[in-house]
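Residue numbering for the sequence shown follows my numbering, beginning at 50 and increasing consecutively. Don't be surprised by glycine CBs; every beta carbon is placed ideally from N, CA and C. Predicted model only: the values in this text are computed from it and were never measured.
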Amino acid sequence: MQEAGFDYIALGHIHKPEIINDRMAYAGSLEPLDKNEVGERGYILGEIVTTNEGLKKTNIRFVPSSFREYKKITLTADSSTTNGSLKDQAQKAMKDHGEHNIYLFEIQGVREEGVRFDKEGIKAIGNVLEVVDKSVPDYDFDAIYRDNTDNLIGLFIQKIRENADQGDVAKKALYYGLEALLGARDQ
């Protein structure tokens, strides 16, 4: 396209602004259209000038102009994190990144065994579209195994550890399976 001789090529359809080179750009959308469109939105400002040598020179730049952005923010949990401290963390992030923006929070890290984070409480702060909890219980796997070597829980931990070379799959299976088995035991 660039070889066609145009001074400037305005590309469309892609909502994320991107300058390809000094004569070609995706303008993007002026405002984000859905939650997957995180980051700044705006327009491309361009100028075509003729140099003293009679050559045309194109200058383009992105100008942020959207009123709000979708912001994806990670909230970090540890075994001492409470619902209140997690909500405080979300409120601080919103203050730091602009309270007018729309937030997608993802909770990462570990949480105390049995704790369920109050995602709806975080949403109730306002301007929070989504809260995804990807935290895992802070299990002491060695202690749980020692206490359960003679039952299904111990056998489960042993079998998963034997397949530890499966990486993330084995890790997820260990957490999900242990959570289910411990939950069933407590009922």
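Thinking just about the alpha-carbon of each residue, which of E162, F116, P113 is nearest to the one in A126? E162
Once DSSP output is grouped into helix, strand and coil, what is the label at G61? coil
To the nearest whole angstrom, what separates the beta carbons of E89 and S115, a pair I think is in contact under 8 Å? 7 Å
Using alpha carbons as the reference points, say which of M143, K106, E118, F190 lies closest to S78. E118
Give the DSSP bridge partners of L124, in chain order. I156
Where does L104 fall in DSSP's three states? coil
Since I believe R72 is in contact with Y57 (beta carbons under 8 Å), could you give me their beta-carbon distance rounded to a whole number of angstroms? 5 Å
Cα-Cα separation between K121 and V87, rounded to whole angstroms: 7 Å
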